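In the working numbering, each residue carries its 1-based index in the sequence shown increased by 219.
C-beta: ideal position from N, C-alpha, C; glycine also.
On a predicted model such as this, the values are computed, not experimentally measured, just so you know.
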Amino acid sequence: MNPLRIIRRYYNPGSESYSFLIEHSRSVTKKALEVARRFRNLNPDLKFIEEAAMLHDIGICKTHAPDIGCNGDKPYVCHGYLGGQLLRKEGLPRHALVCERHIGTGLTKEEINARKLPLPKRDMVPVSTEEKIICFADKFFSKTPEFLTKEKPIQLIKQQLSRFGKDHVRRFEELQELFG
């Protein structure tokens with residue numbers, strides 16, 4: 220399976236959105252593989268992590284995020300479940316779960332309902348070791364020029380997650396304790 224071939228089915232390689240997606244995904248993949256290699260005792264599937272980390276944000280093309288060249292009609296928060304839909308069509312249900320479960324530090328059904336998010340009403344929190352590693356690695360990068368390839372400091376990550384509530388900071392700290 221070649222993640223770039225799948226990405227090219229949904230993105231024009233010369234587009235701004237493709238550039239942001241590829242650079243961000245490469246940064247997340249590198250970090251996720253570094254974490255996974257440090258914790259071989261957890262038996263992480265390195266090949267799966269490499270593939271899924273490259274594909275975790277494939278759904279951004281369906282969202283309205285003009286700053287990164289995405290002109291879809293859905294709010295950005297939807298990119299996880301939209302990416303999951305795309306990857307299920309590609310026959311990659313395990314990869315689809317990574318897409319769905321990496322938003323913030325994952326979203327619970329209760330959070331989705333309380334915040335009235337335009338998402339499926341179900342828990343979308345990382346469960347497997349691989350999902351947790353990719354979610355953790357993703358928090359270190361964003362699709363902004365400053366942190367596209369350079370890691371964010373831990374305090375900035377926590378500050379940004381705090382906008383979504385204490386539970387996101389707590390879950391990040393749990394991931395940090397596990398993988399940091």
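- Could you give the distance in angstroms between the alpha-carbon of Tyr-314 and the alpha-carbon of Asn-221? It should be noted that the sequence gives His, not Tyr, for residue 314. C-alpha separation (whole angstroms): 13 Å.
Please report the distance separating the alpha-carbon of Arg-228 from that of Gln-379. 32 Å
For this session: Could you give the DSSP three-state label for Asn-231: helix, strand or coil?
Result: In the structure shown, Asn-231 adopts coil according to DSSP, grouped into three states.
ask   = From what residue to what residue does the alpha helix (DSSP H) around Glu-349 run?
value = 348–357
In terms of residues, what are the limits of the alpha helix (DSSP H) holding Lys-281?
First-last for Lys-281: undefined, no H or E at that position.
Subject >> Closest residue to Ile-225 among Lys-362, Ile-287, Gly-303 (Cα-Cα distance) >> reply: For Ile-225, the closest alpha carbon among the candidates Lys-362, Ile-287, Gly-303 is that of Gly-303.
Residue span of the alpha helix (DSSP H) that contains Asn-332, given as start and end
328–333
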